[in-house]
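Chemist: First the structure, then my questions, so here it is.
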Amino acid sequence: MWTISHADRMVEAVANGHAGLQDIELYLDDVMVSDALPYRKLFDASQVTSGLGDDDMMMLGARLSAYTGLGPIGPLAIVAPATAVRQQARLFATLAPADRPLKIFKTVKAARKWLAAVPSGNAPA
12 MWTISHADRM VEAVANGHAG LQDIELYLDD VMVSDALPYR KLFDASQVTS
62 GLGDDDMMML GARLSAYTGL GPIGPLAIVA PATAVRQQAR LFATLAPADR
112 PLKIFKTVKA ARKWLAAVPS GNAPA
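Just so you know, we're using the numbering used here here: the sequence shown kicks off at 12 and counts up by one.
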């Protein structure tokens, strides 16, 4: 589940249970068609019980690499309190070579605080 706020230039996503490649691709498609790629993003994976396998991570990384030529990409805060999910978030950060701030947090509160201080990818002057 995710929401895109054009007024706040913010995308918030919450993943529950199994976060599969198709789920993430639907999210990315919506972000793209909504012209929200430059917005700040909060991805809350605190309720994820299982995630992507290695092959799916590589496919996701390739897809995200293609986005780098499309313009500014906004900062991303990933909430991943569980060790396994945090390790997968680190792999994601390595495979998604966008020129944007990206941090991994244990709490939504800390992630929101950081995002509030970071401008979106093409913030108005």
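A virtual CB, placed ideally from N, CA and C, is assigned to each residue, including glycine.
(1) Which residue comes first and which comes last in the alpha helix (DSSP H) that contains Asp41?
(2) Kindly list the residues whose CB is nearer than 6 Å to the CB of Met21, restricted to its own chain and excluding five residues on each side of it in sequence; keep chain order.
(3) Would you call Ser131 buried or exposed, if buried means 16 or more other Cβ atoms sit within 10 Å of its Cβ?
(4) Comparing the C-beta of Met68 with each C-beta of chain D, is any distance below 9 Å?
(5) Does DSSP classify Lys120 as helix, strand or coil?
(6) Determine the direct distance from the alpha carbon of His17 to that of Ala127, and round the result to whole angstroms.
Modeler: Looking at the atomic coordinates:
(1) Counted from its first residue, the sequence shown places residue 41 at position 30. Its alpha helix (DSSP H) spans residues 32-44.
(2) Position 10 of the sequence shown holds residue 21. Excluding positions up to five away in sequence, the list reads Tyr50, Arg51.
(3) If you number the sequence shown from 1, residue 131 lands on position 120. Buried is the label assigned to Ser131, since at least 16 other Cβ atoms lie within 10 Å of its Cβ.
(4) Judged by its chain identifiers, the structure shown contains no chain D, having just a single protein chain.
(5) Numbered from 1 along the sequence shown, position 109 holds the residue referred to as residue 120. The answer is helix: DSSP assigns Lys120 an H, G or I state.
(6) Position 116 of the sequence shown, counting from 1, holds the residue named residue 127. Position 6 of the sequence shown, counting from 1, holds the residue named residue 17. Taking the straight line from one Cα to the other gives about 15 Å.
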